[in-house]
Amino acid sequence: MDFNFNFFKRDEKTNDKKSSNKKLITITNNVIDGIISYAKMHHPYEAILILEGKRKKSEIYINNLVIPPFAVHGPFYSGFLINELPFDLRYVGTAHSHPSGTSRPSIEDLNHFYGLVSIIICYPYNEMDVHAYNSNGKEIEYLRK
Ligand SMILES: [Zn+2]
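Structure, rendered in structure tokens:
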């Protein structure tokens, strides 16, 4: 069951190297606002969303949020559920909240990385609390429009 997921992850890392991490990430205002609202709504619990969009050669364009088809919040680490996400090319990553206030990805976050980008929004959930990371846990810049 985990095999497909692990294969997918390795594949993404290979692609990362080829394009030297220079993928441009664009996130729409609607998506940013949606992540902020969703995180606030579930505080003090962690919340997780799927990022939907388009992947191009040098750009990842994120323009929609999808609520995962399972319980999405609780006083537990939500990332283990990522193994249950379907493989879909429109799904470019996930966004989840850190009610603790730290924006850094945890070891579990990196072990359960899904797709190309992981967005972490930390308490108190303002625009500046929205951070994007690649599968190596390196923070990456994004454009908002
Ligand atoms: Zn996390």
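Per our numbering, the sequence shown starts with residue 1035, numbered consecutively.
Glycine is no exception: its CB is placed at the ideal position from the N, C-alpha and C atoms.
Small disclaimer: the values here were computed from a predicted structure and weren't measured.
{"Query": "Sequence-distant residues of its chain with Cβ nearer than 6 Å to G1127 (five each side left out)", "Result": "L1085, G1149, L1150, V1151 and S1152"}
{"Query": "Expected contact under 8 Å - CB spacing of S1092 and L1058 to nearest Å", "Result": "6 Å"}
{"Query": "Where S1071 falls, given that 16 or more other Cβ within 10 Å makes a residue buried", "Result": "exposed"}
{"Query": "DSSP three-state assignment for N1168, whether helix, strand or coil", "Result": "coil"}
{"Query": "P1078: CB within 7 Å of a non-hydrogen atom of ligand 2", "Result": "Ligand 2 is absent from the structure shown, which contains only ligand 1."}
{"Query": "Straight-line Cα distance separating F1121 from M1162", "Result": "30 Å"}
{"Query": "Pairwise C-alpha distance: T1136 and E1080", "Result": "12 Å"}
{"Query": "Option in I1096, P1139 and V1164 with minimal Cα separation from K1249", "Result": "The question about residue 1249 has no answer here: the residues shown for the chain are numbered 1035 through 1179."}
{"Query": "Proximal residues to K1056 (C-beta, below 6 Å), its chain only, five neighbours per side dropped", "Result": "none"}
{"Query": "Length-filtered (4 minimum) alpha helix (DSSP H) runs lying within the segment 1054-1092", "Result": "1063-1076"}
{"Query": "Own chain, CB closer than 6 Å to F1077, minus 5 neighbours either side, in chain order", "Result": "It should be noted that the sequence gives His, not Phe, for residue 1077. Once the five neighbours on either side are set aside, the close Cβ partners of H1077 are P1133."}
{"Query": "Exposure of I1101, with buried meaning 16 or more beta-carbon neighbours within 10 Å", "Result": "exposed"}
{"Query": "Cβ-heavy atom distance, P1133 to ligand 1, below 7 Å", "Result": "no"}
{"Query": "Helix, strand or coil at L1177 according to DSSP, with G and I counted as helix", "Result": "strand"}
{"Query": "Buried or exposed (CB count within 10 angstroms, at least 16 for buried), I1141", "Result": "exposed"}
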